[in-house]
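Here is the structure we will look at.
In the working numbering, the protein residues as written are 12 to 244.
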């Protein structure tokens, strides 16, 4: 996530933020301020990863705010349970609570900006009301930067269902240079924190999920096997 966004979040006392762009196909683009939270709740637990969430926000509007604790009661039970599971996970494991969701509906996709406050915040509703203009301006800033983030590979892509790999992994162009370097590190037995491509341990884990998705593999051992079998070096 860009430093200017993180700095603005800090100035506003927002302890966590996630951005999701959901296309009509169900594909999701995700950018989270905490990549470990992204890894656990969206990539591993997949509470909401396979739900077409625009259906949960009924009505025609361009940009609208929803206070999630109040909005949950309007959702169908099977979706409400999944939403509650993700919120409980984020609160219990990271201390993120009572999110505000700014939703921007477009013709081919829907954008979600979720802002979380600390468990210790006395009144989340009053906080969001007092800072609503700043939060909407921040959401617009993220949307303006989105195309650059996509081109620079700063987003994580989640497909609604596993798709056959479209890549021939015997060719290096199947992976970005960073992904390729990280795959080589894994095959050599390096720990995430000891990678040679300059990623943090949490970022390395997210990249590994991205590589698995790109190559239609499920485990680290399969990555190593593919690397070894195809002599990618």
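For every residue, glycine included, the Cβ atom is placed at its ideal position computed from N, Cα and C.
Could you name the residues of the same chain whose beta carbon sits closer than 8 angstroms to that of residue 216, not counting the 5 residues immediately before and after it, in chain order? Within the chain shown, residue 216 is the residue found at index 205, counting from 1. 46, 47, 50, 203, listed in sequence order.
Would you grab the beta carbon distance between residue 112 and residue 79 for me? Rounded to a whole angstrom, and I think it's under 8 angstroms. Here residue 112 refers to the residue found at position 101 of the chain shown. Here residue 79 refers to the residue found at position 68 of the chain shown. About 6 angstroms separates the beta carbon of residue 112 from that of residue 79, a gap short enough to meet the 8 angstroms contact definition.
Could you tell me whether the Cβ atoms of residue 58 and residue 97 are closer together than 8 angstroms? What you label residue 58 is simply residue 47 of the chain shown in a count that begins at 1. What you label residue 97 is simply residue 86 of the chain shown in a count that begins at 1. Contact flag set, yes.
Is the CB-CB distance between residue 26 and residue 128 below 8 angstroms? If you number the chain shown from 1, residue 26 lands on position 15. If you number the chain shown from 1, residue 128 lands on position 117. Cβ distance < 8 angstroms, so residue 26 and residue 128 count as in contact.
Rounded to whole angstroms, how far is the Cβ of residue 120 from the Cβ of residue 63, which I believe are closer than 8 angstroms? Your numbering for residue 120 matches position 109 in the chain shown. Your numbering for residue 63 matches position 52 in the chain shown. Not really, about 11 angstroms apart at Cβ, beyond 8 angstroms.
Taking the alpha-carbon positions, what's the residue 81 to residue 91 distance? To locate residue 81, count along the chain shown from 1; it is residue 70. To locate residue 91, count along the chain shown from 1; it is residue 80. About 11 angstroms.
Secondary structure, alpha helix (DSSP H): runs of 4+ residues fully inside the region 102 to 146: Look at the region 102 to 146 and you find these whole runs of alpha helix (DSSP H), each 4 residues long or longer: 135 to 141.
Among 152, 210, 77, 36, the one whose alpha carbon lies nearest that of residue 61: Sequence index remark: in the chain shown, residue 61 carries index 50 (1-based). Checked all of 152, 210, 77, 36; the closest Cα to residue 61 is 36.
Can you tell me whether residue 66 is buried or exposed, with buried defined as 16 or more other CB within 10 angstroms of its CB? Within the chain shown, numbered from 1, the residue matching residue 66 stands at position 55. Answer is exposed; the Cβ neighbour count stays below 16.
Please list, in chain order, all residues of the same chain as residue 194 whose beta carbon is under 8 angstroms from its beta carbon, the five residues on each side excluded. Mapped onto the chain shown, residue 194 falls at position 183. Here the set comprises 186, 222, 234, 238, 243.
For residue 156 versus residue 39, is the C-beta distance shorter than 8 angstroms? In the chain shown, the residue the question calls residue 156 occupies position 145. In the chain shown, the residue the question calls residue 39 occupies position 28. In this structure, residue 156 lies away from residue 39, with their beta-carbon atoms at least 8 angstroms apart.
Cα-Cα separation, residue 225 to residue 206: On the chain shown, residue 225 is found 214 positions in, with the first residue counted as 1. On the chain shown, residue 206 is found 195 positions in, with the first residue counted as 1. Whole-angstrom Cα-Cα distance: 20 angstroms.
Pull up the distance between the alpha-carbon of residue 21 and that of residue 126, whole angstroms please. Locating residue 21 in the chain shown gives position 10, counting from the first residue. Locating residue 126 in the chain shown gives position 115, counting from the first residue. Rounded to whole angstroms, residue 21 to residue 126 spans 12 angstroms at the Cα level.
When we look at the beta-carbon of residue 28 and count the other beta-carbons within 10 Å, is it buried (16 or more) or exposed? Here residue 28 refers to the residue found at position 17 of the chain shown. The residue is buried, with at least 16 neighbouring Cβ atoms inside 10 Å.
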